[in-house]
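Structure first, then comments.
Protein chains: 2
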Amino acid sequence: MSNKNIGIKDVAVAAGVSVTTVSHVLNEVAYARISPETRGKVRSIAEQLGYGPNRLAQALRTQRTGMLGLVSEGIATTPHAGHIILGADEAAKARGYNLMIINTSGSASLESRQADVEALLERRVDGILYATMYHRNVELPANLGSVPSVLVDSVATGGNITAVIPDEEGGARAAVGALLAAGHTRVGFINNTDDVPATSQRLHAFRATLTEAGLDGDAAPVESEVSEVQGGYEAARRILAREDRPTGLFCYNDRMAMGAYRAAAELGLSIPADLSVVGFDDQELIAANLHPGLTTVALPHYEMGAWATEHLIDAVEGKTDLALMAPHPTILSCPLVRRDSIAAPRQ
Amino acid sequence: MSNKNIGIKDVAVAAGVSVTTVSHVLNEVAYARISPETRGKVRSIAEQLGYGPNRLAQALRTQRTGMLGLVSEGIATTPHAGHIILGADEAAKARGYNLMIINTSGSASLESRQADVEALLERRVDGILYATMYHRNVELPANLGSVPSVLVDSVATGGNITAVIPDEEGGARAAVGALLAAGHTRVGFINNTDDVPATSQRLHAFRATLTEAGLDGDAAPVESEVSEVQGGYEAARRILAREDRPTGLFCYNDRMAMGAYRAAAELGLSIPADLSVVGFDDQELIAANLHPGLTTVALPHYEMGAWATEHLIDAVEGKTDLALMAPHPTILSCPLVRRDSIAAPRQ
DNA sequence: GTTCTTGTTGCTCATCTGTCTCCCACGTCC
DNA sequence: GGACGTGGGAGACAGATGAGCAACAAGAAC
Numbered sequence: 001m002s003n004k005n006i007g008i009k010d011v012a013v014a015a016g017v018s019v020t021t022v023s024h025v026l027n028e029v030a031y032a033r034i035s036p037e038t039r040g041k042v043r044s045i046a047e048q049l050g051y052g053p054n055r056l057a058q059a060l061r062t063q064r065t066g067m068l069g070l071v072s073e074g075i076a077t078t079p080h081a082g083h084i085i086l087g088a089d090e091a092a093k094a095r096g097y098n099l100m101i102i103n104t105s106g107s108a109s110l111e112s113r114q115a116d117v118e119a120l121l122e123r124r125v126d127g128i129l130y131a132t133m134y135h136r137n138v139e140l141p142a143n144l145g146s147v148p149s150v151l152v153d154s155v156a157t158g159g160n161i162t163a164v165i166p167d168e169e170g171g172a173r174a175a176v177g178a179l180l181a182a183g184h185t186r187v188g189f190i191n192n193t194d195d196v197p198a199t200s201q202r203l204h205a206f207r208a209t210l211t212e213a214g215l216d217g218d219a220a221p222v223e224s225e226v227s228e229v230q231g232g233y234e235a236a237r238r239i240l241a242r243e244d245r246p247t248g249l250f251c252y253n254d255r256m257a258m259g260a261y262r263a264a265a266e267l268g269l270s271i272p273a274d275l276s277v278v279g280f281d282d283q284e285l286i287a288a289n290l291h292p293g294l295t296t297v298a299l300p301h302y303e304m305g306a307w308a309t310e311h312l313i314d315a316v317e318g319k320t321d322l323a324l325m326a327p328h329p330t331i332l333s334c335p336l337v338r339r340d341s342i343a344a345p346r347q
Numbered sequence: 001m002s003n004k005n006i007g008i009k010d011v012a013v014a015a016g017v018s019v020t021t022v023s024h025v026l027n028e029v030a031y032a033r034i035s036p037e038t039r040g041k042v043r044s045i046a047e048q049l050g051y052g053p054n055r056l057a058q059a060l061r062t063q064r065t066g067m068l069g070l071v072s073e074g075i076a077t078t079p080h081a082g083h084i085i086l087g088a089d090e091a092a093k094a095r096g097y098n099l100m101i102i103n104t105s106g107s108a109s110l111e112s113r114q115a116d117v118e119a120l121l122e123r124r125v126d127g128i129l130y131a132t133m134y135h136r137n138v139e140l141p142a143n144l145g146s147v148p149s150v151l152v153d154s155v156a157t158g159g160n161i162t163a164v165i166p167d168e169e170g171g172a173r174a175a176v177g178a179l180l181a182a183g184h185t186r187v188g189f190i191n192n193t194d195d196v197p198a199t200s201q202r203l204h205a206f207r208a209t210l211t212e213a214g215l216d217g218d219a220a221p222v223e224s225e226v227s228e229v230q231g232g233y234e235a236a237r238r239i240l241a242r243e244d245r246p247t248g249l250f251c252y253n254d255r256m257a258m259g260a261y262r263a264a265a266e267l268g269l270s271i272p273a274d275l276s277v278v279g280f281d282d283q284e285l286i287a288a289n290l291h292p293g294l295t296t297v298a299l300p301h302y303e304m305g306a307w308a309t310e311h312l313i314d315a316v317e318g319k320t321d322l323a324l325m326a327p328h329p330t331i332l333s334c335p336l337v338r339r340d341s342i343a344a345p346r347q
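Chains as they are written, first to last, in this note's numbering: chain A, 1 to 347; chain R, 1 to 347.
Following this line, the structure appears as structure tokens:
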């Protein structure tokens, strides 16, 4: 257990050497030539005294804090933020960095979000991660540019900043592909009504995947509603009321899929025997707990957090130039998570 | 937008005064005698230049960082951590503090958790919040004691540290009370099997509340299973198979309630017409999205985070002595959240 | 009416926080 | 008299803090 009132100076006195020497030894300074005996003595005394470096003083001197700022939207609103934080925290810890986290709101004014960044800047974080709650275009506070920064799960409007986002199209293709692979030929899509990248990209992938499989992608049924359980329910009721009722349903997210489950139950349709369902998001609380378990596409929140942190640290340490990556966002894949909601269609 | 290369010195030069004067003005030092004109000039020049204080240097000198460490378990595993973080972040921000967050695992070794605390200590946080994932007894790293600390959602084993926990009994009483108020006389409890405070306290409150209402609390049916959806399902099947089938069900948590919903559906029991259900936790993803919406008891995670932060800051600023509060944990109430899963029993 | 005292105002100097880092100073041995 | 081996001194990082110093005014003593 370390006593935080012990400084390098105390170690120096106790070891009978100069402060400089202690610093050299403890930091293993390359050019410092100090005898093994002295090194040993300094180290053992430092340990005895429970010396721990004062990172503040270090940071002041070296202009490096070893801290990364993370401004995250909706920390408590979705489980997504938690995964981003976790990915970032583990990546940061692995390289000796720590995280300063500030919660913000996507709907907060630009000034208030700028103030959040300002707080981080005053504390001299080495870099900033800016994470949004869902994949969209954000307007970034201007002061973000003053240190290396990476955007997580969004792209900046008109912005030239390194960003990492999920592969919406690939995920949607995997979802639809799983339905096709199970033998379904009548596949419907329950889509979101928001104007976000996911809405159009998943729709596009849905149609394209069907078409590439020799089906009529353009004619495949699509119903849109707000992306909540109730919306999913309503859209599913409509889509399942068609005379060419789909046997496979791709849902914009797990919540909508949950609504689809209810619609199916009300119609006496058993999942997956009568209807196969795929979701999106892999919100474990929902997907794993529905009955049967929902096969869905996972969003790589953990991975995005980790990727962003890795590259941010690389940039901070001069191993990378973020500007090179800024023009195009990095796309991380969305893997299919298989559970029990897909089966072959009835003959 | 502030340029972080501007220091107090630059302001001093531009204003034609000494560094000391700038510091005095900007910090509104009480005993400093400086003319209003000079004050005005300093302030306007500071603003013009976009001066922002270097909190590192400040902290080094004043021995106050304005940072609070938060070590939290399972940041991504439950939504609970997010609420604690949010409560802490908002309380901290309101008083000019920021949060350094470190994720840890409840199952991690004591040494590894001690290292987490050590990282915070090296950065000279003013205080530490230690949050667990669920209400239980934890063994705390010893170095936690070196700065003011507050434990969130747990009590320390044998520990003398200020803690804040949820009112398990009160919450359970509210849940059972709601069932009784609706007119139910045959009420069952689906309990957890883990040996945590909630298990025994909720059971106790369940029986006591029934007894106080003139029913036979000791004879009321209780079935225990692992506190997941499947466990809830199994326990509900058992409890609903009794000949004196309960018309009201209190479930240990929302996940178990979700299982009970399925059991009821399979038995052709409609909620709430044939069976009223109350959960615990208010996990919105589940409770609000089940059909009908689940009436449940909310755990005060946000409030605990905020309470802990408030009191921690008070202690840091010398306004409170945490030792006074250490002997007994503070208990925060668990309010009932009414949705649509309770109705009067059929005649 | 001049000088001295005392008080007030307005601001600055020196020092401190804990650590790093460039540069220099010894001695010793060829 | 260089080269080598060992180690130390003195800023610097950015700001905080309390003692201290001019300058001036009012009042007092002569």
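Note that CB positions come from ideal geometry on N, CA and C, so glycine has one too.
Quiz item: Under a CB-based cut-off of 8 angstroms, is A/I239 close to chain R?
Solution: no
Exercise. Round the Cβ separation of A/I190 and R/L285 to the nearest angstrom and send it over; I've been treating them as touching at under 8 angstroms.
Key: Taking C-beta atoms under 8 angstroms as the contact rule, A/I190 and R/L285 fail to qualify, at a distance of about 18 angstroms.
Quiz item: Which residues does DSSP pair with A/Y130 in a beta bridge?
Solution: A/V71, A/L151
Exercise. Could you tell me whether the Cβ of A/T65 comes closer than 8 angstroms to any Cβ of chain R?
Key: yes
Exercise. Using only alpha-carbon positions, find the residue among R/I161, R/G106, R/G74 that is nearest to R/H328.
Key: R/I161
Quiz item: So, R/L179 versus R/G248, is the Cβ gap smaller than 8 angstroms?
Solution: yes
Practice problem: Give the straight-line distance between the Cα atoms of A/M1 and A/P79, rounded to the nearest whole angstrom. | Solution: Its pLDDT being 42, under 50, A/M1 is placed unreliably in this model, and the value from its coordinates should be taken loosely. Here the C-alpha atom of A/M1 lies approximately 35 angstroms from the C-alpha atom of A/P79.
Quiz item: A/L120 to A/V155, Cα distance in whole Å?
Solution: 21 angstroms
Self-check item: Under the three-state DSSP convention, the category A/G259 falls into
Solution: helix
Self-check item: Where A/D340 falls, given that 16 or more other Cβ within 10 Å makes a residue buried
Solution: By the 10 Å Cβ count, A/D340 comes out exposed.
Practice problem: Please classify A/H24: does DSSP put it in a helix, a strand, or coil? | Solution: helix
Self-check item: Reduced DSSP secondary structure (H/G/I, E/B, other) of R/R136
Solution: strand
Quiz item: Taking three-plus beta-carbon pairs below 8 angstroms as touching, is the stretch 162-181 of chain A in contact with the stretch 303-317 of chain A?
Solution: yes
Quiz item: Got a sec: which bits of the stretch 131-153 of chain R sit with their beta carbon under 7 angstroms from any beta carbon on chain A, in order along the chain?
Solution: A142, N143, S146
Self-check item: chain R residues whose Cβ lies nearer than 8 angstroms to that of A/A108
Solution: Under the 8 angstroms cutoff, chain R gives no residues; its nearest Cβ is about 12 angstroms from A/A108.
Practice problem: Compare the beta carbon distance of A/S105 and A/E139 with 8 angstroms and say whether it is the shorter of the two. | Solution: No; because the gap between Cβ atoms is not below 8 angstroms, this pair is not in contact.
Exercise. May I ask you to report which of helix, strand or coil DSSP gives A/V196?
Key: coil
Self-check item: Beta carbon proximity, A/V10 to chain R, threshold 8 angstroms
Solution: Rather than Val, the amino acid found at residue 10 of chain A in this sequence is Asp. By this cut-off, A/D10 is not an interface position.
Quiz prompt | Where R/I342 falls: helix, strand or coil (DSSP) | solution = coil
Quiz item: Secondary structure at R/T209, three-state DSSP: helix, strand or coil?
Solution: helix
Quiz item: The alpha helix (DSSP H) with A/V117 in it runs from where to where?
Solution: Start and end: 110-122.
Exercise. Output yes if chain A places a C-beta closer than 8 angstroms to the C-beta of R/D89; else output no.
Key: yes
Quiz prompt | Beta-carbon contacts of A/T309 that lie in its chain and below 6 angstroms, excluding the five residues immediately before and after | solution = A88, A91, A92
Quiz item: Does the distance from the CB of R/H135 to the CB of R/E168 come in under 8 angstroms?
Solution: Yes, these two residues count as a Cβ contact at 8 angstroms.
Quiz item: For the alpha helix (DSSP H) that contains A/T62, what are its first and last residues?
Solution: 55-62
Quiz item: Name the DSSP bridge partner or partners of A/F189?
Solution: A/V222, A/F250
Quiz prompt | Complete runs of the alpha helix (DSSP H) confined to the stretch 276-331 of chain R [at least 4 residues] | solution = 284-287, 301-316, 322-325
Quiz item: Taking buried to mean at least 16 other C-beta atoms within 10 Å of its own C-beta, is A/R202 buried or exposed?
Solution: buried
Quiz item: Going by the beta-carbon positions, is the gap between R/A131 and R/A205 smaller than 8 angstroms?
Solution: no
Quiz item: Any idea if R/N27 is buried or exposed, counting beta-carbon neighbours within 10 angstroms, 16 or more meaning buried?
Solution: An exposed status is given to R/N27, since fewer than 16 other beta-carbon atoms sit within 10 Å of its beta-carbon.
Quiz prompt | the stretch 254-274 of chain A contacting the stretch 224-235 of chain A, beta-carbon criterion three pairs below 8 angstroms | solution = Enough Cβ pairs lie closer than 8 angstroms, so yes.
Quiz item: Would the beta-carbon of A/R242 fall within 8 angstroms of that of A/P221?
Solution: One thing to note: A/R242 has its Cβ within 8 angstroms of the Cβ of A/P221.
Practice problem: Find the nearest neighbour of R/I45 within the set R/G7, R/A32, R/Q63, R/G69, judged by alpha-carbon distance. | Solution: R/G7
Self-check item: Environment of A/A344 [buried if 16+ CB atoms lie within 10 Å]
Solution: exposed
Exercise. Compare the Cα-Cα distances from A/V176 to each of A/T320, A/R207, A/H301, A/G318 and report the closest residue.
Key: A/R207
Self-check item: Residue of R/K41, R/A57, R/K319, R/N289 minimising C-alpha distance to R/P148
Solution: That would be R/K319, whose Cα lies nearest to the Cα of R/P148.
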